[in-house]
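Residue numbers for the sequence shown follow our numbering, beginning at 24 and rising by one.
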Amino acid sequence: MNTDTNTNGFLLKVDDLKTYFPVKKGLLRRTVGYVKAVDGVSLAVKPATSFGLVGESGCGKTTVARSILRLIPVTSGKVIFDNTDILAADASHLRSIRSGITLIFQDPFGSLNPRMTVGNIVGEPLKVHKKITGPDLTEQVRLILSKVGLPADAMNRYPHEFSGGQRQRIGIARALVLQPKFVICDEPVSALDVSIQSQILNLLKDLQQEFSLTYLFIAHDLAVVQFSCDTVAVMYMGRIVEQASAGELYNNTLHPYTVALMAAIPKINASQQASTHRLKGEIPSILNPPPGCPFNPRCPFAGDRCFAQNPPLLPVSGRPEHLLACWHI
24 MNTDTNTNGF
34 LLKVDDLKTY
44 FPVKKGLLRR
54 TVGYVKAVDG
64 VSLAVKPATS
74 FGLVGESGCG
84 KTTVARSILR
94 LIPVTSGKVI
104 FDNTDILAAD
114 ASHLRSIRSG
124 ITLIFQDPFG
134 SLNPRMTVGN
144 IVGEPLKVHK
154 KITGPDLTEQ
164 VRLILSKVGL
174 PADAMNRYPH
184 EFSGGQRQRI
194 GIARALVLQP
204 KFVICDEPVS
214 ALDVSIQSQI
224 LNLLKDLQQE
234 FSLTYLFIAH
244 DLAVVQFSCD
254 TVAVMYMGRI
264 VEQASAGELY
274 NNTLHPYTVA
284 LMAAIPKINA
294 SQQASTHRLK
304 GEIPSILNPP
314 PGCPFNPRCP
324 FAGDRCFAQN
334 PPLLPVSGRP
344 EHLLACWHI
């Protein structure tokens, strides 16, 4: 089966991705509805760049990542990585694809096996994918540990002997030991102390430049994404509602939801906090979303059209790379 597809210069291209989870009830476990965790997401990531996905918890960011890796069943859509359709690949082909896509987890404590030494943790992907073994594997592990700022003697120690920031460095080393093209960073600094977050973000930037890595950066902190990403997409209830370059998005924020997220970024001067843009209400039930635009119950500008039709994601007039899903604008 030929799964090669032209991505026109993009390393990753996701087209109309939908991931629905059936809701079953009753003795016979009949399907009574679907949770539309990802509902028509499209994105394209250029090589050696960082693409950010941001939004509140539960908006579908991590489900997008898990769908790209085919860790969960995908309802429909296309995921093209390095000219290969991931969703159409057979088991053996998928295994080779996954050696080029790795994942940095959010939790630096729960993501490391406490019974394994650091050397075994970092070297395990090389064993699983049968890249190298023996002395060559040991040397490769030692090299990647030095790249993330850990000493060689860390190989023989266990995760509990390290701080949170050091554990995340171990997780980064594990993700990079296969020399991947694409790395999914699933909120890699949200569980760390603020003083450590900048160190890890700077490390990720340095490694990206050294190894020409491409990142999909998942976060809920827009300040982190502004520092780390070239392009940013804002998600709400399974859909992208605004997307632009980081500079354009932060200097010309348009969607009311994005405006509210920007206002929530802590300011040094309390008087600068834009309280007028604070979100009101709760996120609607994803099992029973409101008709029309799903943001309408919380939007101060919602009108009749917002309650009737869900706006498509379209380019803003005069700014073809700034995409927006909003009837108000």
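Virtual Cβ for every residue (Gly too), placed ideally from N, Cα, C.
G270 and I219 look like a contact to me (Cβ under 8 Å); what is the Cβ gap, rounded to whole Å? Against the sequence shown, residue 270 aligns to sequence position 247. Against the sequence shown, residue 219 aligns to sequence position 196. With 8 Å as the limit, G270 and I219 do not qualify as a contact, their Cβ atoms being about 27 Å apart.
Taking only three categories from DSSP, how would you classify E364? The requested residue 364 does not occur in the structure, where the chain is confined to residues 24 to 352.
Which class does C208 belong to by DSSP, given the choice of helix, strand or coil? The sequence position of residue 208 within the sequence shown is 185, counting from 1. C208 falls in the strand class under three-state DSSP.
Is the beta carbon of K36 less than 8 Å from the beta carbon of I103? Translated into positions along the sequence shown, residue 36 becomes position 13. Translated into positions along the sequence shown, residue 103 becomes position 80. Closer than 8 Å, so yes.
Own chain partners of L110 with C-beta closer than 8 Å, once the 5 adjacent residues on each side are dropped: Mapped onto the sequence shown, residue 110 falls at position 87. Counting only Cβ-Cβ distances below 8 Å, and skipping sequence neighbours, we find R93, V97, G100, K101 and V102.
Proximity winner among V145, N274 and K204, relative to F33 (alpha-carbon distances): Here residue 33 is taken as the residue at index 10 of the sequence shown, counted from 1. The residue with the shortest Cα to Cα distance from F33 is K204.
Hey, G56 and T254: beta-carbon distance below 8 Å or not? Sequence index remark: in the sequence shown, residue 56 carries index 33 (1-based). Sequence index remark: in the sequence shown, residue 254 carries index 231 (1-based). Not in contact: G56 and T254 (Cβ atoms no closer than 8 Å).
Can you tell me which of V141, D38 and I155 puts its alpha carbon nearest to the alpha carbon of I435? Only positions 24 to 352 of the chain appear in this structure, which leaves residue 435 out of reach.
Sub-8 Å separation of S213 and Q129 beta-carbons: Counted from its first residue, the sequence shown places residue 213 at position 190. Counted from its first residue, the sequence shown places residue 129 at position 106. Closer than 8 Å, so yes.
Evaluate V64 with the Cβ neighbour count: other Cβ atoms within 10 Å of its Cβ, from every protein chain shown; 16 or more gives buried, anything less gives exposed. Stepping through the sequence shown from its first residue, residue 64 is reached at position 41. Residue environment for V64: buried (at least 16 other C-beta atoms within 10 angstroms of its C-beta).
Under the rule that 16 or more other beta-carbon atoms within 10 Å means buried, what is P312, buried or exposed? Here the question's residue 312 lines up with position 289 in the sequence shown. So P312 ends up on the buried side.
How far does the beta strand (DSSP E) with L126 in it reach, from first residue to last? Within the sequence shown, numbered from 1, the residue matching residue 126 stands at position 103. I124 to I127 is the span of the beta strand (DSSP E), which, as asked, contains L126.
Short of 6 Å in beta carbon distance, which residues of its chain neighbour A67, apart from the five on each side in sequence? Order them along the chain. Taking the first residue of the sequence shown as position 1, residue 67 is located at position 44. Once the five neighbours on either side are set aside, the close Cβ partners of A67 are F33 and K36.
Got a sec? Which residues, its chain only, sit under 7 Å from K10 by beta carbon, not counting five neighbours each side? Absent from the structure is residue 10, since the part of the chain shown begins at 24 and ends at 352.
Using 8 Å for Cβ pairs, my map puts A348 next to P338. What's the rounded Cβ distance? Residue mapping note: residue 348 aligns to position 325 of the sequence shown, counting from 1. Residue mapping note: residue 338 aligns to position 315 of the sequence shown, counting from 1. Contact between A348 and P338 is ruled out by a C-beta separation of about 11 Å, above the 8 Å threshold.
Residues of its chain near T26, where Cβ-Cβ distance is below 6 Å and the 5 sequence neighbours each way are ignored: The count along the sequence shown starts at 1 and reaches residue 26 at position 3. Unreliable positioning characterises T26 in this predicted model, as indicated by a pLDDT of 48, which lies under 50. The coordinate reading is nonetheless provided below. Short of 6 Å from the beta carbon of T26, and not among the five residues preceding or following it, lie these beta carbons of its own chain, in chain order: T107, D108, A111 and A112.
How close, in whole Å, do the beta carbons of S80 and H183 come, if the pair is a contact with beta carbons under 8 Å? For this step, residue 80 is matched to residue 57 along the sequence shown. For this step, residue 183 is matched to residue 160 along the sequence shown. That belief does not hold up - the Cβ atoms of S80 and H183 are roughly 28 Å apart, past 8 Å.
In whole angstroms, what is the alpha-carbon distance linking L230 and Y280? The residue given as residue 230 occupies position 207 in the sequence shown. The residue given as residue 280 occupies position 257 in the sequence shown. Roughly 33 Å between the two C-alpha positions.
Buried or exposed, going by whether 16 or more other CB atoms sit within 10 Å of the CB of I95? Stepping through the sequence shown from its first residue, residue 95 is reached at position 72. Exposed: under 16 other Cβ atoms inside 10 Å.
Alpha-carbon spacing of Q249 relative to V171, whole angstroms: For the purposes of this step, residue 249 is identified with residue 226 of the sequence shown, where counting begins at 1. For the purposes of this step, residue 171 is identified with residue 148 of the sequence shown, where counting begins at 1. The C-alpha of Q249 lies about 22 Å from the C-alpha of V171.
When I241, K228, N274 and A267 are compared against A82, the one with the closest alpha-carbon: Here residue 82 refers to the residue found at position 59 of the sequence shown. Here the sequence assigns Cys to residue 82, which means Ala is not the residue at that position. Closest by alpha carbon: I241.
Is the separation between the beta-carbon of V145 and that of I193 shorter than 8 Å? Residue numbering aside, residue 145 sits at position 122 when the sequence shown is read from its first letter. Residue numbering aside, residue 193 sits at position 170 when the sequence shown is read from its first letter. Yes. Within cutoff.
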